[in-house]
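Structure first, commentary second.
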């Protein structure tokens, strides 16, 4: 047991001369001062680092606050639900509803070639060839080796008035799949567009050898009989067969056959039958620009300019880039003495890329009517060159030469220059 010694009896401890605590304090102070001098001298390097650090901290704080205040996220809808619903509309022949749903899910399934193909086909059925071509390109991007995608591209190119390019696409589609009857059907259509009905007939027979129930092939052969060989009875037979097969295999494509039927009725001088067929089609597919365009042409032919203009306007509301609808709206407006509006419609058709000499003829007429002779001459000059190349409308152009145009003698004088025509957009055709 130890006895505790009172504090007052303890010996007094002597303070050491050297203090470790005081020494460490001096060292730390010197280090801090040195660091401060170093940072000050190199402040140009440290300022951005400090700013970035502070900004990162502020951003993290903002994200944290936004996350705390954000509503509870809802589950992302499964695109397969829309796909199933769209497929149902497609099988029912409701092209507009199906197209809306397919378009909504494209972003969720960017590499689904079937969805891209359906969207492309829907635009083709509706006669919107510009959109169809763009989506055909997307389909090819998703799968460059898809024979179906190249076939749809050929179809869209035909609709844009590019039969030579359509031949190239259709041939490539047939190379990718020798058993693709649709590719040979589109190739036959392209040959027909190039005024080669015999070659077109041989090509479509090859398609039917591959698949004797291919509605596209029967549709192509109907057009060959109709436009190339003028055998309307054979055309009607093939068209009826194509329509029945389309309703069985691909109901959405049946709307396209309805337009074919209407056009054939017009050729057979059954105007009311054609109108009824197109009206029925518009009930199930109100956004079908091809049906609206054809109805407008029918009413134009009947001399009902107001009705014709209404249908062309509806067509443009759906597809503002339709060259034909803009042009024929202008024709209807000219008939109703709406010259300024007609001129605007004609100019729009040209600006959209039309290379049809008829369109240039009428824009030159409307420009003269609005008092713009110099601009009229520029359009007239370019249209006259197109007419000579196509061997169409040449006499009409020569008879409508603008009065402000230089004479042939003036054009041959030294120093006389012809006003340059407006630069044409190489895309598109009427």
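Numbering (our numbering), first residue to last: -2 to 427.
All C-beta atoms, glycine included, are put in the ideal place defined by N, C-alpha and C.
Please read these numbers as outputs of a predicted model, since none were measured by experiment.
Kindly indicate which three-state DSSP category residue 45 falls into: helix, strand or coil?
The residue labelled residue 45 in the question sits at position 48 within the chain shown. It is helical.
Run the CB neighbour count on residue 102, radius 10 Å, all protein chains shown included, and call it buried at 16 or more, exposed below.
Numbered from its first residue, the chain shown carries residue 102 at position 105. Classification for residue 102: buried.
Measuring CB to CB, does residue 149 end up less than 8 Å from residue 118?
Taking the first residue of the chain shown as 1, we reach residue 149 at position 152. Taking the first residue of the chain shown as 1, we reach residue 118 at position 121. Result yes, Cβ atoms of residue 149 and residue 118 sit closer than 8 Å.
Does DSSP put residue 103 in a helix, in a strand, or in coil?
For the purposes of this step, residue 103 is taken as residue 106 along the chain shown, with counting starting at 1. If DSSP states are grouped into helix, strand and coil, residue 103 belongs with coil.
Got a sec? Which residues, its chain only, sit under 6 Å from residue 218 by beta carbon, not counting five neighbours each side?
One-based indexing of the chain shown puts residue 218 at position 221. Hits under 6 Å: 201 and 235.
Which listed residue (283, 276 and 227) has its alpha carbon closest to that of residue 261
To locate residue 261, count along the chain shown from 1; it is residue 264. Nearest of 283, 276 and 227 to residue 261, Cα basis: 227.
Can you tell which of 52, 366 and 286 has its C-alpha closest to the C-alpha of residue 320?
Within the chain shown, residue 320 is the residue found at index 323, counting from 1. Closest by C-alpha distance to residue 320, out of 52, 366 and 286, is 286.
Just mark residue 78 as buried or exposed, buried being the case when its beta carbon has 16 or more other beta carbons within 10 Å.
Here residue 78 is taken as the residue at index 81 of the chain shown, counted from 1. So residue 78 ends up on the exposed side.
Cβ separation of residue 220 and residue 189, assumed to be a contact under 8 Å, to the nearest whole Å
Here residue 220 is taken as the residue at index 223 of the chain shown, counted from 1. Here residue 189 is taken as the residue at index 192 of the chain shown, counted from 1. Confirmed, Cβ separation roughly 6 Å.
Three-state class that DSSP yields for residue 282 in the structure shown
Residue 282 sits at position 285 when you count from the first residue of the chain shown. Here residue 282 sits in coil by DSSP.
What distance in whole Å lies between the Cβ atoms of residue 361 and residue 377, which are believed to be in contact at a cut-off of 8 Å?
Working through the chain shown from its first residue, we reach residue 377 at position 380. Working through the chain shown from its first residue, we reach residue 361 at position 364. Indeed they touch by this definition, with Cβ atoms about 4 Å apart.
Between 169, 214 and 170, which lies nearest to residue 185 when the distance is taken from Cα to Cα?
Counted from its first residue, the chain shown places residue 185 at position 188. Looking at the Cα atoms, 214 is the closest of the given residues.
Identify the continuous alpha helix (DSSP H) that holds residue 323 and give its terminal residues.
As a working mapping, residue 323 is identified with position 326 in the chain shown. Here the alpha helix (DSSP H) through residue 323 covers 320 to 332.
Looking at residue 289 and residue 318, is the spacing between their C-beta atoms short of 8 Å?
Counting from one through the chain shown, the residue named residue 318 turns up at place 321. Counting from one through the chain shown, the residue named residue 289 turns up at place 292. Not in contact: residue 318 and residue 289 (Cβ atoms no closer than 8 Å).
Cutoff 6 Å; reference residue 331; Cβ partners in own chain excluding five residues on either side
If you number the chain shown from 1, residue 331 lands on position 334. Cβ within range, chain order: 339.
Does DSSP put residue 402 in a helix, a strand or coil?
Position 405 of the chain shown, counted from the start, is the residue given in the question as residue 402. Of the three classes helix, strand and coil, the one that applies to residue 402 here is coil, per DSSP.
What residue range does the alpha helix (DSSP H) around residue 144 cover?
In the chain shown, the residue the question calls residue 144 occupies position 147. Per DSSP, residue 144 belongs to the alpha helix (DSSP H) from 144 to 156.
Entirely within the region 177 to 235 and at least 4 residues each: give me those alpha helix (DSSP H) ranges in chain order.
With a minimum length of 4 residues, the continuous alpha helix (DSSP H) runs that stay inside the region 177 to 235 are 178 to 190, 194 to 207 and 212 to 220.
What separation, rounded to the nearest whole angstrom, lies between the Cα atoms of residue 129 and residue 352?
Here residue 129 refers to the residue found at position 132 of the chain shown. Here residue 352 refers to the residue found at position 355 of the chain shown. Their backbone Cα atoms lie some 20 Å apart in a straight line.
By Cβ distance below 8 Å, which residues in the same chain neighbour residue 433 in space, the five residues on each side in sequence not counted?
Missing from the structure shown is residue 433; the chain here goes from -2 to 427 and no further.
Look at residue 182 and residue 204 and say whether their C-beta atoms are less than 8 Å apart.
Mapped onto the chain shown, residue 182 falls at position 185. Mapped onto the chain shown, residue 204 falls at position 207. Cβ atoms of residue 182 and residue 204: closer than 8 Å.
Going by other Cβ atoms of all chains shown within 10 Å of its Cβ, with 16 needed for buried, is residue 142 buried or exposed?
By 1-based counting over the chain shown, the position of residue 142 is 145. Classification for residue 142: exposed.
Looking at the secondary structure, which residues open and close the alpha helix (DSSP H) in which residue 167 lies?
Taking the chain shown and counting its residues from 1, the one referred to as residue 167 is at position 170. DSSP places residue 167 in the uninterrupted alpha helix (DSSP H) bounded by 160 to 173.
Do you know how far the Cα of residue 88 is from the Cα of residue 401?
Counted from its first residue, the chain shown places residue 401 at position 404. Counted from its first residue, the chain shown places residue 88 at position 91. Using only the alpha carbons, I get a separation of about 59 Å.
Any idea what DSSP makes of residue 125, helix, strand or coil?
One-based indexing of the chain shown puts residue 125 at position 128. DSSP places residue 125 in coil when its eight states are reduced to three.
Within its chain, find whatever has a CB closer than 7 Å to the CB of residue 126; leave out the 5 residues flanking it on each side and keep chain order.
For the purposes of this step, residue 126 is taken as the residue at position 129 of the chain shown. Cβ neighbours of residue 126 beyond the five flanking positions: 153, 156 and 157.
I'd like the list of long-range same chain contacts for residue 95, defined as Cβ closer than 6 Å, with 5 residues on each side in sequence excluded.
Within the chain shown, the letter at position 98 stands for residue 95. Correct list, in chain order: 83, 86 and 87.
Quick one: any contact between the region 290 to 304 and the region 258 to 272, if contact means 3 or more CB pairs under 8 Å?
yes
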